[in-house]
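Participant: Quick note, in our numbering, the sequence shown goes up one by one and the last residue is 349. Cβ atoms here follow ideal geometry from the backbone N, Cα and C, with glycine treated the same way. Okay, handing you the structure first.
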Amino acid sequence: RPRVLSGMQPSGDSLHLGNYLGALVNWVQTQDEYDAFFFIPDMHAITVPQDAAGLRDRTRKTAAQFIAGGIDLDKSTLFVQSQVPEHAQLAWVLNCITGFGEASRMTQFKDKSSKGGADASSVGLFTYPVLMAADILLYQPQGVPVGDDQRQHVELARDLATRFNHRFGETFVVPQAIIKKEGARIYDLQNPTSKMSKSASSPNGLINVLDDAKTVAKRIKSAVTDADTVIAHDRANKPGVSNLLEILSTVTGTAIPALVNEFDGKMYGHLKVAVADAVVEALAPVRARTLELLEDPAELDAILAAGALKAREVASKTLADVYDRVGFMAPV
Ligand code: ATP
Ligand code: MG
């Protein structure tokens, strides 16, 4: 099976519906076809300030939601980045073959560091893409499924792999970015021209995987629509209604034209009830299973430790090869 690798930052207390439908559901689908590695990049998370207890808690919660959402530990490898020290070790070597100008051209750093002075951003944030290259290259994957915003970082990983191979001999697989066109894009319920986002959405704009049924229904009921009364799919003129139709379509697997037909002559309230029911039905088992897993943190930690050991079997081979090629002494 070809190998793929994906990660999601532990940046919120709960995944939101966009993370779930736009990422996790796709991950679950790749498991049969691919030898998949899924990880929680907590080392990337500390490139901006984090509360220690909060980070650990969110890392566990994120892992629990991955498992509850269908990551199958018999098929895939699930691990936390900081528990696989090879990531930091390879990142250092890659830092030393990355040009300063090359790193300076990464647009995510420019975006994230634009506010505040030079010392408001850490050097860690600056070398974030190099750590991400290490995350990828350690596992020798053929493909890296990412959103469009990560295209430049995968390009850097490819450049570094090619450069290392050229200088030190064939070591890394040069991976392809797999940019998903399809994947559902879910918009903010209160601001349906912006995507639903952990950091940018207000609580009322979000549907969280860990919200109870009542909260989900309340949020959807108060979703922004428009002054019109026709249920139609028109992203430009009816973003709120279109978002609700897209959510319903993704969750139920019914095509949008069929939904538009079904709701012909009905009111927005009817659509909202249908969306709320469908979302609750989809999320309820994920929420229940997550809460169950979180009741036994020791068991969850054991699952993650086993995942880290499995990841290290692959990562340590790559790192040993790299250390040898750059001229480090044999391991002691
Ligand atoms: P942040 O606001 O901190 O960037 P986020 O809500 O955008 O958080 P990420 O952690 O950046 O979430 O993304 C995790 C995964 O979820 C990525 O694969 C991303 O493409 C996907 N994703 C995030 N938001 C949405 C959305 N609204 N619709 C579909 N997919 C999404
Ligand atoms: Mg994001």
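Considering only residues of the stretch 175-220, which uninterrupted beta strand (DSSP E) runs meet the minimum length of 3 residues and lie entirely inside it, listed in chain order?
Facilitator: Taking only runs of at least 3 residues, the beta strand (DSSP E) segments lying wholly in the stretch 175-220 are 193-196.
Participant: Are the beta-carbon atoms belonging to Q159 and V190 less than 8 angstroms from one another?
Facilitator: Yes, the Cβ-Cβ distance between Q159 and V190 is below 8 angstroms.
Participant: Given a threshold of 16 other Cβ atoms within 10 Å of its Cβ, counted over all protein chains shown, does K231 qualify as buried or as exposed?
Facilitator: K231 should be labelled exposed.
Participant: Taking the Cβ atom as the reference point for each residue, do H170 and P192 lie within a distance shorter than 8 angstroms?
Facilitator: Result no, Cβ atoms of H170 and P192 do not sit closer than 8 angstroms.
Participant: Could you name the residues that DSSP lists as bridge partners for S259?
Facilitator: Answer is none; S259 lacks a bridge partner.
Participant: Along the chain, where does the beta strand (DSSP E) containing F280 start, and where does it finish?
Facilitator: That residue, F280, is in no beta strand (DSSP E); it is neither H nor E in DSSP.
Participant: Is K235 buried or exposed, if buried means 16 or more other CB atoms sit within 10 Å of its CB?
Facilitator: Exposed, by the Cβ-count rule.
Participant: Which word fits M213, buried or exposed, when buried means at least 16 other C-beta atoms lie within 10 angstroms of its C-beta?
Facilitator: By the neighbour-count rule (16 or more Cβ atoms within 10 Å), M213 is buried.
Participant: Take S28 as the anchor and find which of A272, A217, F185 has the nearest alpha-carbon.
Facilitator: For S28, the nearest C-alpha among the options comes from A217.
Participant: In chain order, which beta strand (DSSP E) runs of at least 3 residues are fully inside the stretch 267-328?
Facilitator: Segments of the beta strand (DSSP E) lying fully in the stretch 267-328: there are none.
Participant: Take I224 as the anchor and find which of H250, N36, K334, T179 has the nearest alpha-carbon.
Facilitator: Selected option, being the one with the closest Cα: N36.
Participant: Let me know the beta strand (DSSP E) ranges lying completely inside the stretch 88-164, each 3 residues or longer, listed in chain order.
Facilitator: You should have 94-97, 160-163.
Participant: Around the ligand ATP, which residues pass a check of Cβ closer than 5 angstroms to any of its heavy atoms?
Facilitator: Result: M25, Q26, S28, G35, N36, G39, A40, G164, R202, I203, K212, M213, S214, K215, S216.
Participant: Using the rule of at least 16 other Cβ atoms within 10 Å of the residue's Cβ for burial, across every protein chain shown, is K255 buried or exposed?
Facilitator: It is buried - the Cβ of K255 has at least 16 other Cβ atoms within 10 Å.
Participant: Of all the options A174, E263, Q207, which has the alpha carbon lying nearest to the alpha carbon of A240?
Facilitator: Comparing Cα-Cα distances from A240 to each of A174, E263, Q207, the minimum goes to Q207.
Participant: Tell me the DSSP bridge mates of S23?
Facilitator: In the DSSP output, where bridge partners are listed per residue, S23 has F55.
Participant: How far does the alpha helix (DSSP H) with A347 in it extend, from its first residue to its last?
Facilitator: From DSSP, A347 is part of no alpha helix (DSSP H); its letter is neither H nor E.
Participant: Can you tell me whether N254 is helix, strand or coil according to DSSP?
Facilitator: Coil.
Participant: Once the 5 residues before and after R184 are set aside, which same chain residues still bring their CB inside 8 angstroms of it?
Facilitator: Closer than 8 angstroms at Cβ, skipping near neighbours: I114.
Participant: Please state whether the Cβ-Cβ distance between S333 and E103 is less than 8 angstroms.
Facilitator: Result yes, Cβ atoms of S333 and E103 sit closer than 8 angstroms.
Participant: Measuring only the C-alpha atoms, how far is A293 from A81?
Facilitator: Looking at the two C-alpha atoms, the distance is approximately 24 angstroms.
Participant: L41 and F83: beta carbons closer than 8 angstroms?
Facilitator: Yes, the pair counts as a contact, with Cβ atoms nearer than the cut-off.
Participant: Taking only the alpha-carbon atoms, compute the straight-line gap between K127 and R329 and give it to the nearest angstrom.
Facilitator: Cα-Cα distance, rounded: 33 angstroms.
Participant: Excluding the five sequence neighbours on either side, which residues of its own chain have a C-beta within less than 6 angstroms of the C-beta of N260, listed in chain order?
Facilitator: Y204, P209.
Participant: What does the Cβ neighbour count give for G282, buried or exposed, with the cut at 16 atoms within 10 Å?
Facilitator: So G282 counts as exposed.
Participant: Measure the alpha-carbon distance for L265 versus I248 and round it to whole angstroms.
Facilitator: Whole-angstrom Cα-Cα distance: 13 angstroms.
Participant: Please go through the same chain and pick out, in chain order, the residues whose beta-carbon is closer than 8 angstroms to the beta-carbon of T124, but skip the five residues on each side of it.
Facilitator: Answer for T124: Q169, listed in chain order.
Participant: Within 8 angstroms (strictly less), CB to CB, does A62 reach chain D?
Facilitator: Among the chains in the structure shown there is no chain D, since it carries only a single protein chain.
Participant: Could you check if P162 is buried or exposed, using at least 16 other CB atoms within 10 Å of its CB as the buried criterion?
Facilitator: With 16 or more other Cβ atoms within 10 Å, it is buried.
Participant: Assuming the contact rule is C-beta atoms closer than 8 angstroms, A62 and Q26 should be a hit. Round their C-beta distance to whole Å, please.
Facilitator: So it is a contact: roughly 5 angstroms between Cβ atoms.
Participant: Looking only at its chain, what residues have a beta carbon closer than 8 angstroms to the beta carbon of G71, apart from the 5 residues adjacent to it on each side?
Facilitator: The answer is none, since no qualifying residue turns up.
Participant: Any idea which residues DSSP pairs N225 with across the strands?
Facilitator: Its beta-bridge partners are H33.
Participant: Quick check: T107 and L321, are their CB atoms within less than 8 angstroms of each other?
Facilitator: Thr is not the amino acid found at residue 107; the sequence shown has Leu there. Cβ distance not < 8 angstroms, so L107 and L321 don't count as in contact.
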